[in-house]
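Residue numbers (the numbering used here): 8 to 248. Each residue gets a CB set at the ideal place from its N, CA and C atoms; glycine is no exception. Contents: one structure, followed by commentary.
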């Protein structure tokens, strides 16, 4: 009881502040953010090697307890959030209640790596720290870690257009768009809607002909309904010159 209290170093205080910042950003994530986010798969061997360096550095600097606590809190908080029930928007087609399990695993690993780096950032090689932390930092809406003497890091597997891609877009972009073509997918909807309406109208005309004992009139009405529906289903506007 009479021992002197352990004094926290400036490095440890800064590490705790970084961890708290990650906690605050992670606290803003909703269950849908976690379930529906797709994270690029990182190379397992590279990640394992970098994590081993991080853990060894934490032990050497006597920050093993801080690292363990930071990871434990994040796992518990995110685990509880992913198990909570999501609330898909009413009336919105295509809303999924959950993403693929593999995507969720990658998201949780990326966030755990981010908080691990927060606890040990000053002990790590800047490039290794950024490689581990930046995928999760991007998800949290945080800036990538700076790399001294180099450009800001980008998450692994991130894609950006090459000069050839830009040139192709300039050359082919305008030609790739048909101004007479409606919004993608609308022609399929157009055909489906008028096809259903035409079938319904034709069936109603035939039924009327049978019930009223005027079968010929019913057949003619069904044919007219089918022809009208086909016209509207295949109609395509022509731009004015």
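Which one of 36, 27, 154 has the shortest CA to CA distance from residue 138? Working through the chain shown from its first residue, we reach residue 138 at position 131. Residue 138 has its Cα closest to that of 154, out of 36, 27, 154.
Kindly list the residues whose CB is nearer than 7 Å to the CB of residue 57, restricted to its own chain and excluding five residues on each side of it in sequence; keep chain order. Residue numbering aside, residue 57 sits at position 50 when the chain shown is read from its first letter. The residues are 135, 138, 139.
Give the secondary structure of residue 50 by DSSP, where H, G and I count as helix, E and B as strand, and everything else as coil. Translated into positions along the chain shown, residue 50 becomes position 43. Of the three classes helix, strand and coil, the one that applies to residue 50 here is coil, per DSSP.
DSSP three-state call for residue 223: helix, strand or coil? As a first step, residue 223 must be located in the chain shown, where it is residue number 216. Residue 223: helix per DSSP, three-state reduction.
Should residue 73 and residue 35 be called a contact, given that it needs their Cβ atoms to be closer than 8 Å? The residue given as residue 73 occupies position 66 in the chain shown. The residue given as residue 35 occupies position 28 in the chain shown. Not in contact: residue 73 and residue 35 (Cβ atoms no closer than 8 Å).
Pull up the CB-CB distance for residue 141 and residue 133, whole angstroms please, since I reckon it's below 8 Å. Residue numbering aside, residue 141 sits at position 134 when the chain shown is read from its first letter. Residue numbering aside, residue 133 sits at position 126 when the chain shown is read from its first letter. Not a contact, Cβ separation roughly 11 Å.
Burial state of residue 143 (16 or more Cβ within 10 Å): Numbered from its first residue, the chain shown carries residue 143 at position 136. Counting Cβ neighbours within 10 Å, residue 143 comes out buried, since at least 16 surround it.
Pairwise C-alpha distance: residue 215 and residue 232: Position 225 of the chain shown, counting from 1, holds the residue named residue 232. Position 208 of the chain shown, counting from 1, holds the residue named residue 215. Whole-angstrom Cα-Cα distance: 13 Å.
Count the other CB atoms, across all protein chains shown, that sit within 10 Å of the CB of residue 121; report buried if there are 16 or more and exposed otherwise. Here residue 121 refers to the residue found at position 114 of the chain shown. So residue 121 counts as buried.
Check whether residue 41 and residue 88 have beta carbons under 8 Å apart: Counting from one through the chain shown, the residue named residue 41 turns up at place 34. Counting from one through the chain shown, the residue named residue 88 turns up at place 81. Yes. Within cutoff.
With DSSP run on the structure shown, which of helix, strand or coil describes residue 44? By one-based count along the chain shown, residue 44 stands at place 37. Correct three-state label for residue 44: coil.
Selected residue, minimal CA-CA separation from residue 65, among 54, 19, 235: Against the chain shown, residue 65 aligns to sequence position 58. Here the closest residue by C-alpha is 19.
Closer than 6 Å by C-beta to residue 68: which residues in its own chain qualify, once you throw out the five before and the five after it? Chain order, please. The residue you call residue 68 lines up with position 61 of the chain shown. So the list reads 130, once near-sequence residues are dropped.
Between which residues of its own chain and residue 190 is the CB-CB distance below 6 Å, once the five residues before and five after are set aside? Counting from 1 along the chain shown, the entry for residue 190 is found at position 183. Unreliable placement is indicated for residue 190, whose pLDDT of 48 sits below 50; no coordinate value is reported for it.
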